[in-house]
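The opening position of the sequence shown corresponds to residue 1150 in the working numbering, with each subsequent residue numbered one higher.
Have a look at the structure below before the remarks.
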Amino acid sequence: MNILIENAGMSVEMLFLFGLIVGALFCYASEAIPMEVTALGVILILLVFFYFSPIIDANGVNQLPTSKILAGFANPAMLTVLALLVVGQGVVKTGILEIFSRHVLSLSMGKLWIATLISLITVLFISAFLNNIPVVIIFIPIMQGIAQRFHVPASKLLMPLSFVAVVGGMTTLVGSGTNLLVSNALIEAGLKGFSFFEFSLPGLLLAGTGLAYVMLIAPKFLPHRTSLSHRMRERLDQHFMAEISIDKDSKLIGQSLGVRMFQELPEINIRMINRLGKTILPPFTGLKLRHGDNIALSATREDLTKLMESGYGLTPAEGYRRNPTSHKKSEQIIVEMMVTPSSSLVDSTIGRTGFEYRHNCQVLGIQHHAHMIRSRMGQAKLSAGDLLLVKCDAETLRGLREDLDVVLVEFSVEELPNLRAANVSICIFMAVVLSAAFGLVPIVISSFFGALAMVVTNVITLHQAARALDHKVITTIAAALALGVAMEATGAATYLANLILSVTGTASPTIVLSSFFLLVALMSNIISTKTCAVLFAPIGLHIGAEIGVDPRIFAITIVFAANCAFATPFAYQTSLLVMGPGSYHFKDFFKVGFPLVILIWLVYSAFVPWYYGL
């Protein structure tokens, strides 16, 4: 048992906590372990450590009981985030946002910059009130359609879409879960939480800065890569991972395997062979093909289609075949679909989820958003943003449009919105926003009302509402909140605040605030924005108190800085979602996003002294 002593030095508990935080950040950033596993592991370690080594104050009270470590699962901010995800899913599911896309195309006057500007302003506005993940999912095919109409690569439009959705979320309390978590940190510190529009003015300034950047400067740095919509028509060079099996009557049986054995299809590359459960990797010197061999290969969409129709005697590997109960002879089409963040496919495989059998379709290939899949396709775990090459008929495609697991990466306005459900969802959404904006009820109550109303009015089903809840959000927020209360109880937050102040020395409050913004912004590109906000909230509040600045100013600074996750694709899910459809690489985000981080930092640093009277 340890007695909590007011001391400027580092205690054993602090040392343990800092080590745990560093380990957790490494796991989050490297993705060596699934994020949910890391988060739950952090909570378990905290529970065990502080059970056997409790923090006891001078009055004999345990400052970090089990209930306090686990309180994050019932935290009002997290519950609000989850409820708003359901509300957002209800609005998106009705198809009402398709109406905006039609107006965009009708008002563009045949000019790309007008269509892009109207689209991004629309996204910025919607993202101020809706979770930006479903907004980006809906607008990806819309931006693809604009790219197709004006004959430009989608890579010129999709990263700006993600960035504008993020800056739009900086403008109101409900624009981002990060904002709600920082507001909750204020309440936990005994201060009043944010009002709905408390930081809207500086937020609009930064959002306008971000919009101007993506319209005027970012196009010079964005890559010129062929969009998915162009690849659908022109069958260009984006490769998918596929797996095929050698039939008993295949003409390839007995042939020596070469990396370029399909001479007429030069873009096909053989990656590995699976024979009787044994994996064989290149080089394939002297290896001859046998009946039953499974070949893992990478190929363009065009070459993969030609290969399956070539007469070589090949079929999709077991587990990737069309539903054998289907005898329909309707015309087959090939489409590309993106895995959504709430999909049951995430962290699972096509075969394990029964995706093909449920939808009576065939998955021909998989394209991972970040790297080439190096395992058998049947064993490849999927992530949000991965692309699937799917073969199906028109009837199946209509069913896939309604599935929450995937979204069709193709712009189409043929499907009319459900006007009744759309009107109901908008009324519910407006009730949630207005009741919170005017302070009629706390945001957690209005958001819960909205989520329940979406289900009761049949805008979405209970199953669809449950699917809208992201388990990664739940676990990572709960873990971050647990670390946050541990930092407070052990004095680690005060220690770090004093350490930062010792570095800044006798600098003015403006310099301290600006330096703190930059530190948080850089960290938000390494770990998730929500985790970053929760960890830095107590530190920022302590710094504000120490230098005589209103802690709310530091809290607002954390809101803006933590949302500046533009320089890497992994800290914010919207970046992962556009990574595949835009054919982006990690370096693209750094090249385009890092200057935006610096620009927003400079604008905020110049704005702070005047606006807050520092």
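Note that CB positions come from ideal geometry on N, CA and C, so glycine has one too.
In this text the structure is predicted, and so the values were computed from the model without any measurement.
Looking at 1374, 1243, 1233, the one whose alpha-carbon comes closest to that of residue 1323 is 1233. Around the Cβ of residue 1576, a 10 Å sphere holds fewer than 16 other Cβ atoms; the residue is exposed. The Cβ-Cβ distance between residue 1272 and residue 1314 falls below 7 Å.
The Cβ-Cβ distance between residue 1713 and residue 1746 falls below 7 Å. Residue range 1261-1276 is occupied by the alpha helix (DSSP H) that includes residue 1272. If you look at residue 1514, you'll find it in the beta strand (DSSP E) that goes 1511-1516.
The C-beta distance from residue 1666 to residue 1753 rounds to 6 Å, short enough to fall under 8 Å. In this structure, the alpha-carbon of residue 1736 lies about 9 Å from that of residue 1716. Taking 8 Å as the upper bound for CB-CB distance, residue 1342 and residue 1335 are in contact here, some 5 Å apart.
Around residue 1301, the same chain offers 1261 as residues with beta carbons nearer than 7 Å, after the five sequence neighbours per side are excluded. Annotation for residue 1169: 1191, 1194 place their beta carbon closer than 7 Å to its own, counting only its chain and skipping 5 residues before and after. In this structure, residue 1681 places its C-beta atom within 7 Å of the C-beta atom of residue 1711. Per the coordinates, the alpha-carbon of residue 1226 lies some 17 Å from the alpha-carbon of residue 1701.
Leaving aside the five residues that flank residue 1239 on each side, the residues in its chain whose CB is nearer than 6 Å to its CB run, in chain order, 1574, 1603, 1608, 1609. Separation of residue 1494 and residue 1557 (C-alpha to C-alpha, rounded to the nearest whole angstrom) is 15 Å. Secondary structure at residue 1282: helix, using DSSP grouped into helix, strand and coil.
Annotation: residue 1185 to residue 1491 spans about 14 Å, alpha carbon to alpha carbon. For residue 1174, the closest of 1679, 1690, 1696, 1757 by C-alpha to C-alpha distance is 1679. Residue 1485 is bridged by DSSP to 1538.
With the rule of 3 Cβ pairs closer than 8 Å, the region 1691-1699 counts as touching the region 1646-1662. Going by DSSP, residue 1217 is part of the alpha helix (DSSP H) stretching over 1215-1218. Distance from the Cα of residue 1533 is smallest, within the candidate group 1326, 1668, 1725, for 1725. With a threshold of 16 other beta carbon atoms within 10 Å, residue 1501 falls short and is exposed. In the three-state DSSP reduction, residue 1159 falls in the coil class, being neither helix nor strand.
Taking C-beta atoms under 8 Å as the contact rule, residue 1488 and residue 1552 fail to qualify, at a distance of about 11 Å. By the neighbour-count criterion, in which 16 or more other beta carbons inside 10 Å mark a residue as buried, residue 1181 falls on the exposed side. Under a 10 Å Cβ-count criterion, residue 1258 is classified as exposed, with fewer than 16 other Cβ atoms of the shown protein chains found around its own Cβ.
The three-state secondary structure of residue 1400, taken from DSSP, is coil. Less than 7 Å separates the beta-carbon of residue 1204 from that of residue 1213. In the structure shown, residue 1449 adopts extended strand secondary structure according to DSSP, grouped into three states.
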